[in-house]
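For reference, the structure is listed below as structure tokens.
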Amino acid sequence: MSEPSAPISELAWRELLFQHTEGLPAAFAAGPVTGYCGFDPTASSLHVGNLVPVMGLVHLQRAGHRPIALVGGGTGMIGDPSGRSSERTLQTLETIAENAAAIRAQLAKFLDFNGPHGAKLLNNADWLAPLSLLEFLRDTGKHFSINYMLAKDSVKSRLETGLSFTEFSYMLLQAHDFLELHRREGVSLQIGGSDQWGNITAGLELIRKTTGGEAHALTFPLITNADGSKFGKSTGGGSVWLDPARTSPYKFYQFWIGADDRDVSRYLRFFTLLARAEIEALDEAVRTAPGQRAAQRALAADVTTRVHGTDAARVAQEVSALLFEKADPQGLSDAALAALREEIPFAVYAAPADGPALSEGIDVYECLTTLGIAASRGVAKRLLEQGGVSINGTKLTAADRVVGAERLLRGRHLLVKKGAREFGLVHVPA
RNA sequence: GGUGAGGUACUCAAGUGGCCAACGAGAACAGACUGUAAAUCUGUCGGCGCAAGCCUUCGAAGGUUCGAAUCCUUCCCUCACCA
638 MSEPSAPISE
648 LAWRELLFQH
658 TEGLPAAFAA
668 GPVTGYCGFD
678 PTASSLHVGN
688 LVPVMGLVHL
698 QRAGHRPIAL
708 VGGGTGMIGD
718 PSGRSSERTL
728 QTLETIAENA
738 AAIRAQLAKF
748 LDFNGPHGAK
758 LLNNADWLAP
768 LSLLEFLRDT
778 GKHFSINYML
788 AKDSVKSRLE
798 TGLSFTEFSY
808 MLLQAHDFLE
818 LHRREGVSLQ
828 IGGSDQWGNI
838 TAGLELIRKT
848 TGGEAHALTF
858 PLITNADGSK
868 FGKSTGGGSV
878 WLDPARTSPY
888 KFYQFWIGAD
898 DRDVSRYLRF
908 FTLLARAEIE
918 ALDEAVRTAP
928 GQRAAQRALA
938 ADVTTRVHGT
948 DAARVAQEVS
958 ALLFEKADPQ
968 GLSDAALAAL
978 REEIPFAVYA
988 APADGPALSE
998 GIDVYECLTT
1008 LGIAASRGVA
1018 KRLLEQGGVS
1028 INGTKLTAAD
1038 RVVGAERLLR
1048 GRHLLVKKGA
1058 REFGLVHVPA
């Protein structure tokens, strides 16, 4: 690796810099800096909204510094009031431990754990759990005035609606973490979302008071969507998770493909490691040929590959090409066919009692109704008459009510399509 | 509790004895166009049926009639005004 360089300029052009302490550029210039970022184990998976701080750590490492990801197994038991309008529900110890383990595994995909500035994953439960209350009050609490704590935005905004002593104490725990990491690992930088500024600076304060050492803070901007919706929600409204069991790689890929033209340039900067020249070329492509959506494709391919791996990303692309770009279903890979079954309605065909026997062919009405694509046979019929149905990529007419078995795809499958984007997959037993 | 108005298909809303599966608008769906965008234009829009046609619907249940969403009875519900 090259000499540690300041990631400041890199973060700046990527528009990832919200604010940082004054001495940070000098600290970066002086040599490798160890920086950390905390992740709440409130769920068993990270979601795309967590990706900004994750990428922050990645940039730190790429610039020759040493990143530490801290899973909040201890603080997760308390709950950060920052950016929250109401008290958090506490979670059980077991849930938090499980979540922490799952998040660790996801973070491992982004960071390099080998080499002189290899990343490290820590859990603050390791030192917070054994910490005694008296010890905490003497060593940490003593350094903070209530006035100081009340002045923090995270607290101030909650004075009206109410805030428990537990959540009020949160910033001290986070400060304690920072100090602990400063001592154990030589950490001198904490990064996080812009809402973390208050908590981070509490840590700087504690480090300065107890050790006289200098430490720094760096925060990222809040991600916004151009249309005013909340970033990280799928069209259905649910969060987009990194866990493939929660959000399939195909849906994950589609989330990025669907990025608004007005957002895609920023997202490329935030979430990919593409070089500046490449991203600027894609910006240009959005301006000159928005219909190509080259930027969205690049974004989706890059992020999906990093999170789910090359194979899963390829399958997601293949399925997307089939469903949205009229790719030939005959060329579908087995993996894509298997993925498809999970994404679109799937049914096993049974010849209807009053319809054509299986030997005569496959009844299209039956396929449409059992898949739930058409509410009734009458609707199915009208669809066919209007040219709204195609099978394996070929448009059917009113005369094609029964299709021959020779049209089945590998594994005796039939890809049924209604209109532009509603699909179903039928398996026809031999 | 009293008086008045009303309950029609996904929504709004016509229809007051046969021409009503029920005007019209919106939504939705399909086709053309398109960028997995938006707009626009065309078509469809209770079920079964290739069709002729049949079946089930107009708050619910009964009744009158050759025939009812439309008339009568009872019941249920909503809204408005008065107390």
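Residue numbering for the first sequence follows my numbering, beginning at 638 and increasing consecutively.
Virtual Cβ for every residue (Gly too), placed ideally from N, Cα, C.
Going by beta carbons, residue 829 and residue 803 fall outside the 7 Å limit. A distance below 6 Å between beta-carbons, with the five flanking residues on each side excluded, links residue 988 to the following residues of its chain, in chain order: 994, 995.
973 is the residue among 770, 963, 973, 1049 whose C-alpha sits nearest the C-alpha of residue 950. Contact between the region 658–674 and the region 730–742 is not established, with fewer than three Cβ pairs separated by less than 8 Å. With respect to the 7 Å criterion, residue 878 and residue 936 are not classified as neighbours on the basis of their beta carbons.
Look at residue 760 here: in three-state DSSP terms it is strand. One Cα belongs to residue 656, the other to residue 975, and the distance between them is close to 46 Å. Secondary structure of residue 830 (DSSP, three-state): strand.
Taken in chain order, the whole beta strand (DSSP E) runs of length 3 or more contained in the region 693–770 are 703–708, 757–760. Shown here, residue 1054 sits in a strand according to DSSP, grouped into three states. At a Cβ-Cβ threshold of 7 Å, residue 690 and residue 740 do not count as neighbours. A direct Cα-to-Cα measurement between residue 868 and residue 796 gives close to 28 Å. Taken in chain order, the complete alpha helix (DSSP H) segments of 4 or more residues contained in the region 919–996 are 931–945, 947–961, 971–980. Your pair residue 1027 and residue 1054 checks out as a contact, with CB atoms roughly 5 Å apart and the cut at 8 Å.
Of the candidates 812, 709, 827, the residue whose Cα lies closest to the Cα of residue 658 is 827. Secondary structure note for residue 1015: its alpha helix (DSSP H) is the uninterrupted segment 1014–1022. Looking at the DSSP output, residue 878 sits in a beta bridge with 684.
In the structure shown, residue 902 adopts helical secondary structure according to DSSP, grouped into three states. Straight-line spacing of the CA atoms in residue 704 and residue 842 works out to 21 Å.
Note on residue 981: 16 or more other CB atoms within 10 angstroms of its CB, so buried under the neighbour-count rule. Ranking 755, 791, 745, 770 by CA distance to the CA of residue 718 puts 791 first. By alpha-carbon distance to residue 1033, the top candidate from 758, 788, 1064, 1001 is 1001.
Per DSSP, the beta bridge partners of residue 1059 are 1055. Approximately 6 Å separates the beta-carbon atoms of residue 754 and residue 701; this is inside 8 Å, confirming the contact. Residue pairing by DSSP places residue 907 opposite no residue, since no beta bridge is assigned to it. Taken through DSSP and simplified to helix, strand or coil, residue 798 comes out as coil. The beta carbon of residue 864 sits closer than 7 Å to the beta carbons of 897 from its chain, once the five residues preceding and following it are set aside; these are given in chain order. Residue pairing by DSSP puts residue 1027 in a beta bridge opposite 1032, 1054.
Residue 889 sits buried, since 16 or more C-beta atoms from the chains shown fall within 10 Å of its C-beta.
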